[in-house]
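As structure tokens, the structure follows; a few thoughts come after it.
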């Protein structure tokens with residue numbers, strides 16, 4: 003999934019937009035999703051995020067579904083823990099089994115949690131699906147984020163792809179040898195992956211030390227021109243959501 007998200011970010015038409023403009027969209031939508039009334043404010047944030055991702059950003063719907071699927075599992079688990087109340091004497095329960103019950107308060111809290119979290123996730127994906135990590139790290143460097151943090155983030159992100167490629171090669175080798183797909187085979191594959199990852203990290207450290215690398219490599223990146231329509235669209239959309247929420251409230 004990580005490779006699909008990275009490919010989608012590089013292929014998105016919004017990749018040619020300024021990172022600061024996309025960050026403004028993302029932060030504005032996330033704050034609105036978390037602070038506005040669930041209906042209609044938070045729900046409108048989710049709808050607007052989906053429209054932006056599938057429309058101007060040009061992200062395929064399959065990529066969006068895959069990107070949301072994993073966070074949705076964690077959201078569902080969190081909502082389940084809120085939905086189920088533990089107690090011997092619940093007040094007006096909708097459902098009860100022993101010490102577990104579902105009440106009106108827990109149901110209200112659960113669906114609000116789901117909507118806030120899901121719409122906030124969609125707002126974050128507006129940035130994640132349109133901005134490659136290299137662009138985001140370069141933008142953070144221009145805004146005085148400590149360089150060691152950026153270097154560690156960049157190395158971690160690049161090594162993730164190395165780990166994915168190594169894991170795919172190990173899995174392919176097991177299948178070609180008609181290897182078993184049991185727990186023992188999975189444990190052997192994980193052990194091999196950890197050993198190779200440690201070896202690659204050690205060689206990377208030795209190579210950087212041999213080159214006397216003490217500072218980050220200076221890179222240049224073409225800065226896209228400002229797009230007033232992006233800024234006006236963000237202000238108008240978020241303002242309209244707050245206006246609708248205000249009148250609905």
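Numbering (this note's numbering), first residue to last: 3 to 251. Even glycine gets a Cβ: it sits at the ideal position worked out from N, Cα and C. Just so you know, these numbers come straight off a predicted model, no measurement behind them.
- Taking every protein chain shown into account, the CB of residue 48 has 16 or more other CB atoms within 10 angstroms, so this residue is buried.
- By the criterion of a C-beta distance shorter than 8 Å, residue 172 is surrounded in its chain by 191, 194 and 195, once the five residues flanking it on both sides are discounted.
- The secondary-structure analysis by DSSP pairs residue 104 across a beta bridge with 97.
- Ranked by how close their Cα comes to the Cα of residue 25, the residues 129, 179 and 118 have 129 in first place.
- Within the same chain, 85, 86, 87, 95, 96, 97 and 98 come within 8 Å of residue 104 by CB-CB distance, once the 5 residues on both sides are set aside.
- Each of 198, 139, 177 and 187 was checked against the Cα of residue 165, and the nearest Cα belongs to 198.
- Straight-line measurement puts the Cα of residue 45 at about 45 Å from the Cα of residue 200.
- The three-state reading of DSSP puts residue 88 in strand, counting E and B together.
- Annotated three-state conformation of residue 126 is helix, per DSSP.
- Closest by C-alpha distance to residue 248, out of 10, 37 and 61, is 37.
- If you check the CB distance, residue 17 and residue 228 do not come in under 8 Å.
- Here residue 27 is buried, its C-beta having at least 16 other C-beta atoms within 10 Å.
- In the DSSP assignment, residue 243 falls within the unbroken alpha helix (DSSP H) covering 230 to 250.
- Residue state for residue 39 is assigned as coil, using DSSP reduced to three classes.
- Between the stretch 66 to 80 and the stretch 110 to 129, the count of C-beta pairs closer than 8 Å reaches three or more; the two stretches touch.
- 202 is the residue among 186, 62, 202 and 92 whose C-alpha sits nearest the C-alpha of residue 167.
- Annotation for residue 150: the continuous alpha helix (DSSP H) segment containing it runs 149 to 178.
- Here residue 51 is near residue 31, since their CB atoms are less than 8 Å apart.
- When 91, 55, 33 and 238 are compared, the shortest CA-CA separation from residue 133 is found for 55.
- DSSP, read as helix, strand or coil, puts residue 136 in helix.
- About 23 Å separates the beta carbon of residue 118 from that of residue 237, a gap too long to meet the 8 Å contact definition.
- Counted as a single uninterrupted DSSP element, the alpha helix (DSSP H) harbouring residue 5 occupies residues 4 to 13.
- For residue 44, there is no enclosing alpha helix (DSSP H), since its DSSP letter is neither H nor E.
- Taking C-beta separations shorter than 6 Å and ignoring five residues to either side along the sequence, residue 163 has no partners in its chain.
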